[in-house]
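Notes follow once the structure below has been shown.
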Ligand code: ADP
Ligand code: ZN
């Protein structure tokens, strides 16, 4: 059975979606041109006026915005409404540098909640569910976003925030939580803790999880599903556009439907800025077409993915995006080779290790070094016949096959790599310290 929060819009015809998009885009560009001098300036430099946007294709005439533009305008240079209209701010987690502030009017908060409500309903949520929100609350968008979405669905919301994992599990049992929302790395940690407490998935009532805010692999999905006894759904978003809920997975789980009545998605070649056709891999560019306070036009997300227009068995008509295959700035260049941490994670999981690892990159005598610390499982560490140095060599070979460069693998004792309650830190690049 397929559930929708707003069937008429989530399953609207292509013509209807494009009609809404054009109407909203035209209005948005006028709003930004009139109220954001910085963007007006960029448009003037490109010699494009709001009246030039006659079809959706004309979007390509507009200038891009990047995180650097946002930082240059810190804190409120891109605000498009008077401050008295603003009801809330949120802020990025600062994974890649200085924080960015996003502003919301009452309308913007409502749209955001609607996007998250669609994700919760797609994961099977109803008003009879108990939605356990273990994303961090506060400036980070994860907690507040899913919280407001759950409120809109009418579910009972547990505003747990992250941390104090045993207490999380206690509440889960006492209150019968059915849907867990948190980062995938925290979900994995909760699963691990349940096992350590001597419990099994049968001791909790969870049926689904909505996990996002960081990259995670299909292998990790299967691990989490097993350890919590649930179906795990992906959700994507970024603070600049609202937070989680820009796109979400349906039961088909082949990509995340972008909420196209609120966002227009494009894929570009990150080097040339040229728009690429559906199906090609490139950088995701998003335009918020229904925001008042902090509308971003052609925002370069730096997330690399593919847009899939094919019909989805769930009935939703909004285009799907593949899982981001890493951020363009997540990518490490080691000895000239492009390396995404997710590639290393895939090899670890394929070889029976848990996703508890830390990558260290350094430069010694002008040569890049790659060290990967990986935790042993409890069973491996107790097994006197387990040959650590052989296992390290085998894992290093498997990673070399994937990446084409030789890493040094260090198998370390269980629980020695710090667990994440929010977004996991997987890489320490010491080369930057020398810059
Ligand atoms: P920061 O840039 O400080 O981390 P955010 O907290 O807004 O700011 O994070 C947004 C970014 O998180 C996205 O651009 C993307 O790289 C990553 N992200 C969010 N959801 C997912 C997801 N489901 N899968 C992979 N990456 C994701
Ligand atoms: Zn679908």
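In my numbering, the protein residues as written are 14 to 448.
Using N, Cα and C, we set each Cβ at its ideal position, and we do this for glycine too.
Using a Cβ-based criterion (distance less than 6 Å to any ligand heavy atom), does residue i qualify as near the ligand ADP?
{"i": "residue 121", "result": "no"}
{"i": "residue 105", "result": "yes"}
{"i": "residue 314", "result": "yes"}
{"i": "residue 91", "result": "no"}
{"i": "residue 297", "result": "no"}
{"i": "residue 225", "result": "yes"}
{"i": "residue 340", "result": "yes"}
{"i": "residue 13", "result": "The shown model of the chain, from 14 to 448, leaves out residue 13, and the question about it has no answer."}
{"i": "residue 249", "result": "yes"}
{"i": "residue 337", "result": "yes"}
In angstroms, rounded to a whole number, what distance separates the CA positions of residue i and residue j?
{"i": "residue 198", "j": "residue 205", "result": "11 Å"}
{"i": "residue 170", "j": "residue 161", "result": "9 Å"}
{"i": "residue 240", "j": "residue 213", "result": "8 Å"}
{"i": "residue 372", "j": "residue 15", "result": "41 Å"}
{"i": "residue 406", "j": "residue 421", "result": "8 Å"}
{"i": "residue 200", "j": "residue 181", "result": "11 Å"}
{"i": "residue 157", "j": "residue 253", "result": "15 Å"}
{"i": "residue 430", "j": "residue 225", "result": "21 Å"}
{"i": "residue 62", "j": "residue 300", "result": "17 Å"}
{"i": "residue 237", "j": "residue 427", "result": "18 Å"}
{"i": "residue 172", "j": "residue 273", "result": "28 Å"}
{"i": "residue 441", "j": "residue 374", "result": "6 Å"}
{"i": "residue 251", "j": "residue 400", "result": "43 Å"}
{"i": "residue 322", "j": "residue 194", "result": "27 Å"}
{"i": "residue 292", "j": "residue 318", "result": "9 Å"}
{"i": "residue 127", "j": "residue 425", "result": "44 Å"}
{"i": "residue 179", "j": "residue 209", "result": "10 Å"}
{"i": "residue 105", "j": "residue 379", "result": "34 Å"}
{"i": "residue 191", "j": "residue 145", "result": "7 Å"}
{"i": "residue 390", "j": "residue 284", "result": "42 Å"}
{"i": "residue 154", "j": "residue 101", "result": "11 Å"}
{"i": "residue 260", "j": "residue 141", "result": "24 Å"}
{"i": "residue 364", "j": "residue 395", "result": "18 Å"}
{"i": "residue 393", "j": "residue 383", "result": "24 Å"}
{"i": "residue 410", "j": "residue 345", "result": "19 Å"}
{"i": "residue 404", "j": "residue 414", "result": "15 Å"}
Cutting at 6 Å between CB atoms, please list the residues of its own chain near residue i, excluding the five before and the five after it.
{"i": "residue 27", "result": "none"}
{"i": "residue 136", "result": "221, 223 and 246"}
{"i": "residue 37", "result": "302 and 303"}
{"i": "residue 202", "result": "432"}
{"i": "residue 376", "result": "444"}
Please go through the same chain and pick out, in chain order, the residues whose beta-carbon is closer than 7 Å to the beta-carbon of residue i, but skip the five residues on each side of it.
{"i": "residue 176", "result": "434"}
{"i": "residue 50", "result": "none"}
{"i": "residue 289", "result": "280, 281, 282 and 295"}
{"i": "residue 448", "result": "Interpretation of residue 448 is limited by its pLDDT of 40, a score under 50 that renders its predicted location unreliable; the figure taken from the coordinates is listed afterwards. Cβ within range, chain order: n/a, list empty."}
{"i": "residue 86", "result": "51"}
{"i": "residue 329", "result": "23, 24, 263 and 270"}
{"i": "residue 17", "result": "23, 24 and 134"}
Can the beta-carbon of residue i be found less than 7 Å from the beta-carbon of residue j?
{"i": "residue 247", "j": "residue 231", "result": "no"}
{"i": "residue 416", "j": "residue 352", "result": "yes"}
{"i": "residue 189", "j": "residue 143", "result": "yes"}
{"i": "residue 381", "j": "residue 347", "result": "yes"}
{"i": "residue 45", "j": "residue 83", "result": "no"}
{"i": "residue 313", "j": "residue 270", "result": "no"}
{"i": "residue 69", "j": "residue 34", "result": "yes"}
{"i": "residue 152", "j": "residue 103", "result": "yes"}
{"i": "residue 174", "j": "residue 138", "result": "no"}
{"i": "residue 309", "j": "residue 78", "result": "yes"}
{"i": "residue 97", "j": "residue 133", "result": "no"}
{"i": "residue 233", "j": "residue 368", "result": "yes"}
{"i": "residue 268", "j": "residue 335", "result": "yes"}
{"i": "residue 436", "j": "residue 227", "result": "yes"}
Sorted by chain position, which residues of the same chain lie with C-beta nearer than 8 Å to residue i's C-beta, five sequence neighbours on each side aside?
{"i": "residue 124", "result": "255, 275, 303 and 304"}
{"i": "residue 99", "result": "92, 116, 117, 118 and 306"}
{"i": "residue 370", "result": "357, 358, 361, 385, 386, 387, 388, 430 and 439"}
{"i": "residue 265", "result": "325, 326 and 327"}
{"i": "residue 216", "result": "186 and 207"}
{"i": "residue 150", "result": "156, 157, 160, 172 and 174"}
{"i": "residue 287", "result": "281"}
{"i": "residue 43", "result": "63"}
{"i": "residue 59", "result": "74, 75 and 76"}
Could you tell me which residues DSSP puts in a beta bridge with residue i?
{"i": "residue 262", "result": "269"}
{"i": "residue 370", "result": "387"}
{"i": "residue 143", "result": "169"}
{"i": "residue 61", "result": "Looking at the DSSP assignment, residue 61 forms no beta bridge with any residue, so it has no partner."}
{"i": "residue 280", "result": "289 and 297"}
Any chance the CB of residue i is under 6 Å from a heavy atom of the ligand ZN?
{"i": "residue 274", "result": "no"}
{"i": "residue 265", "result": "yes"}
{"i": "residue 329", "result": "yes"}
{"i": "residue 325", "result": "yes"}
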